[in-house]
Amino acid sequence: MRIPLAGITAGVLLGFVLWVGFVDANRYLTDGYPRLALGSLRRSLDVYALGAVLLFALMELTFFLLSRRWKRPHAANAALWLLLATGAAVVSLRLSPWVPRAHSVHGALLFGSVSLAGMWLAWLAARHPRAMRRGAGLARRGLGGFGPAGAALLVLAGVNAAAAFVADPAPRPRLNVLLITIDALRADHLGVYGYPRPTSPNIDRLAGEGVTFRRAASQWPLTSPSFAALMSSTYGHTNGLIRNTAQRMPDRPLMLAELLKAAGYDTWAAVGNVNLARFFNFDQGFDTYQELWRQDDQRKTERITRAGLDLLKQASAERPFFLWLHYFDPHARYDPPKPFDQMFVGDRYFDGSWRVPLNGRQDQDLGGISSKVTLGREDRVAYYVAQYDAEIRYVDQQVGILLEALKERGLAGNTLVVLTSDHGESLGDHNYFFEHGRFPYDDCVHVPLIVRAPGEPRPGEAVRSPVQSIDIVPTILDLAGLPADPRAEGKSLRLLLRGEHPRGDLWDYAFTESGFALDYQRSITGERYKLIYVPDAGNRRIMTGRELELYDLEADPRETKNLIDERPEVAALLKRQLWRWMANGGPAAPPPAEVRVEGQAEEQLRSLGYIN
Ligand SMILES: [Zn+2]
């Protein structure tokens, strides 16, 4: 009888301690997230109380079996502690989103101290069996006493009752979330954004059923910094992740999957870009995180879809799901499989007259084509663009399959679908060939953003206000009926989805950071004009030579004519806003320590040309 009682007391205590760590780390209570905090307290207490009861019973059974076999209780005791410590150390590696990660300093400390404590206890049990037994008896009487266990049970019942009452005041149909992200997909190569080539019939259909944001900006036109911003709703200068392939996503701030998991969601992902590997800490909060970048073949895109379809089969009636699928295509190289291969080569939009040199070097992507993206001996820009478009068509087909499956499974009516990309792609714009990340121009910064939200129907509508990737998480939380994350730097787009036109700084501008140097570029985009600030002289040399660039995105969407001298009043207004934003952002956060990539990830990064 004392064993399960001791389990309840210990479980409630442990659950409370871990929960305090979680809440403290994330400042839920002080920042106005009480519903989520109470819900997570309930889960923490329930899970650990149940777990501890089972564990204690198992310990008792193991001890009974071991001592019968060895006839020496202290040897059995020592073995038991070793066993327990090994188990606890393994669990501490990956228990839940709020336990420090194995590969962080915290994680290593936790893992190390749990292992050491276990070994120490095992040593004590072997050397001082009598004292150990007395201690164990004391602990059992203390934890397993009727007083403490009764109090623990009362706390458990009280928290459960309060959470049931407060957490869900009005039960509402829970909203599933499907986030589809497509690597290097520029907005203006989709039909819904006005592209004449038929690249995107399925995405266009989705847009016809939802709302299209016509002016959405990537926070940083490189995969890792873009997703760091998108998933945590923080700017690069806040979260500190500003480079591809060199930094891990920090444990804080909280990411979308962690917030949704804390709110009771099943969280699943399948990703096709090595920059999003577990190694880089992008799997925070996910129950399932499939890394399909390892299979470096033309059919990787189909594998993502298949993973998505398999995960959708697990959708349960009790718990909502969050499914994130990240497609690598149409990222370079542009080599779509049949029947998409060459489908647009030589069509009526194909003009093969622009030829550029093949640079023959991995890292030379200005003024010609670098060796890491060269297709055969091809030097016609139109050929590359046609094949890039064919890859879009290939991914579009996969998106179609996915959305159809959603409908067939009866999930379309209660699933929020968000489609976007991490950045666009420079297809020779600004003399920059088949790459992204270097410049803040719209070919790489302007991304598609389509939202199909059940219960917010304005099918086929378009929104012209500037929005940005960091707005996606607040929008999802808002539509799912969850409280806003107080540390998010983005805003919910719900008002815009409803067709309202709020004004003010928050709604009138989008901000982007870009480049590879620490002295990177910053830009501000309004509904019509964009201002770019280039602090670094090296970058100025390969851009326009000016510190400030101003473009009229309506008259000159390709940003070829710098209006900085012609429209000083527009430039002054945008500059004031940009400076204010930079000042609010404070000095750039110290970037997370650089990491060394090894093994398969290293091979893959090398073959894709991310590292030399
Ligand atoms: Zn990318």
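Under numbering that gives the first Met the number 0, the residue at position 25 of the sequence shown is numbered 24, and the numbers go up by one with no gaps. In this text, a Cβ means the ideal position worked out from N, Cα and C, and glycines have one as well.
Extent of the continuous alpha helix (DSSP H) to which residue i belongs
{"i": "residue 384", "result": "380-407"}
{"i": "residue 241", "result": "No alpha helix (DSSP H) contains residue 241, which DSSP labels as neither H nor E."}
{"i": "residue 249", "result": "Element bounds for residue 249: n/a, residue is neither H nor E."}
{"i": "residue 506", "result": "504-507"}
{"i": "residue 227", "result": "222-231"}
{"i": "residue 142", "result": "128-143"}
{"i": "residue 311", "result": "299-312"}
{"i": "residue 214", "result": "Premise fails: residue 214 lies in the beta strand (DSSP E), 210-216, not in any alpha helix (DSSP H)."}
{"i": "residue 536", "result": "536-541"}
Alpha-carbon spacing of residue i relative to residue j, whole angstroms
{"i": "residue 240", "j": "residue 551", "result": "30 Å"}
{"i": "residue 7", "j": "residue 289", "result": "36 Å"}
{"i": "residue 264", "j": "residue 576", "result": "38 Å"}
{"i": "residue 461", "j": "residue 191", "result": "10 Å"}
{"i": "residue 157", "j": "residue 144", "result": "20 Å"}
{"i": "residue 88", "j": "residue 17", "result": "15 Å"}
{"i": "residue 491", "j": "residue 497", "result": "12 Å"}
{"i": "residue 14", "j": "residue 58", "result": "19 Å"}
{"i": "residue 572", "j": "residue 481", "result": "36 Å"}
{"i": "residue 169", "j": "residue 574", "result": "The pLDDT assigned to residue 169 is 41, lower than 50, so where the model puts this residue is not dependable, and the model offers no usable value."}
{"i": "residue 100", "j": "residue 343", "result": "Low confidence applies to residue 100: its pLDDT is 43, below 50, so where it sits in the model is not reliable, and the reading given next is rough at best. Computed Cα separation, rounded: 46 Å."}
{"i": "residue 303", "j": "residue 408", "result": "18 Å"}
{"i": "residue 138", "j": "residue 229", "result": "48 Å"}
{"i": "residue 262", "j": "residue 38", "result": "7 Å"}
{"i": "residue 585", "j": "residue 249", "result": "Interpretation of residue 585 is limited by its pLDDT of 46, a score under 50 that renders its predicted location unreliable; the figure taken from the coordinates is listed afterwards. Their Cα atoms are separated by approximately 18 Å."}
{"i": "residue 201", "j": "residue 358", "result": "36 Å"}
{"i": "residue 507", "j": "residue 488", "result": "15 Å"}
{"i": "residue 318", "j": "residue 468", "result": "27 Å"}
{"i": "residue 564", "j": "residue 441", "result": "21 Å"}
{"i": "residue 582", "j": "residue 333", "result": "40 Å"}
{"i": "residue 439", "j": "residue 243", "result": "16 Å"}
{"i": "residue 140", "j": "residue 130", "result": "15 Å"}
{"i": "residue 48", "j": "residue 41", "result": "11 Å"}
{"i": "residue 616", "j": "residue 238", "result": "Given that the chain is displayed from residue 0 to residue 611, the structure contains no residue 616 and the question cannot be resolved."}
{"i": "residue 337", "j": "residue 280", "result": "35 Å"}
{"i": "residue 403", "j": "residue 258", "result": "28 Å"}
Supposed close pair residue i, residue j - CB separation, criterion 8 Å
{"i": "residue 416", "j": "residue 451", "result": "4 Å"}
{"i": "residue 222", "j": "residue 535", "result": "Contact doesn't hold; Cβ gap of about 22 Å is too wide."}
{"i": "residue 372", "j": "residue 331", "result": "4 Å"}
{"i": "residue 121", "j": "residue 163", "result": "Not a contact, Cβ separation roughly 42 Å."}
{"i": "residue 11", "j": "residue 154", "result": "6 Å"}
{"i": "residue 5", "j": "residue 123", "result": "Rounded, the Cβ-Cβ distance is 19 Å, inconsistent with contact."}
{"i": "residue 538", "j": "residue 549", "result": "No, residue 538 and residue 549 are not in contact; Cβ-Cβ is about 17 Å, not under 8 Å."}
{"i": "residue 75", "j": "residue 66", "result": "4 Å"}
{"i": "residue 473", "j": "residue 232", "result": "6 Å"}
{"i": "residue 62", "j": "residue 44", "result": "The Cβ separation is near 26 Å, so there is no contact."}
Beta-carbon proximity of residue i to residue j, cut-off 8 Å
{"i": "residue 177", "j": "residue 405", "result": "yes"}
{"i": "residue 494", "j": "residue 501", "result": "yes"}
{"i": "residue 339", "j": "residue 393", "result": "yes"}
{"i": "residue 413", "j": "residue 320", "result": "no"}
{"i": "residue 541", "j": "residue 374", "result": "no"}
{"i": "residue 620", "j": "residue 436", "result": "For residue 620 there is no data in the structure shown, the boundaries of the chain being 0 and 611."}
{"i": "residue 418", "j": "residue 447", "result": "yes"}
{"i": "residue 118", "j": "residue 161", "result": "no"}
{"i": "residue 128", "j": "residue 73", "result": "yes"}
{"i": "residue 213", "j": "residue 463", "result": "yes"}
{"i": "residue 254", "j": "residue 284", "result": "yes"}
{"i": "residue 533", "j": "residue 432", "result": "no"}
{"i": "residue 335", "j": "residue 301", "result": "no"}
{"i": "residue 182", "j": "residue 272", "result": "yes"}
{"i": "residue 427", "j": "residue 444", "result": "no"}
{"i": "residue 189", "j": "residue 198", "result": "yes"}
{"i": "residue 530", "j": "residue 547", "result": "yes"}
{"i": "residue 316", "j": "residue 410", "result": "no"}
Residue i - containing beta strand (DSSP E), residue span
{"i": "residue 616", "result": "Here the chain comprises residues numbered 0 to 611, so residue 616 is not present and cannot be evaluated."}
{"i": "residue 447", "result": "445-451"}
{"i": "residue 268", "result": "265-270"}
{"i": "residue 437", "result": "Element bounds for residue 437: n/a, residue is neither H nor E."}
{"i": "residue 175", "result": "175-181"}
{"i": "residue 524", "result": "520-524"}
is_contact[residue i, chain C] using C-beta, thresh 8 Å
{"i": "residue 476", "result": "Absent from the structure: chain C. Only one protein chain is present."}
inquiry  = Using 8 Å as the cut-off, can you tell me whether the stretch 251-268 makes contact with the stretch 322-331, which would need three or more C-beta pairs spanning the two stretches below that distance?
reply    = yes
Three-pair Cβ contact test at 8 Å for the stretch 295-309 versus the stretch 276-284 = no
ask   = When the Cβ atoms of the stretch 202-209 are set against those of the stretch 342-357, are three or more pairs found closer than 8 Å?
value = no
ask   = Should the stretch 505-522 be regarded as contacting the stretch 210-225, the criterion being three or more beta carbon pairs within less than 8 Å?
value = yes
key: Cβ contact (3+ pairs, closer than 8 Å) linking the stretch 475-485 and the stretch 518-526   = no
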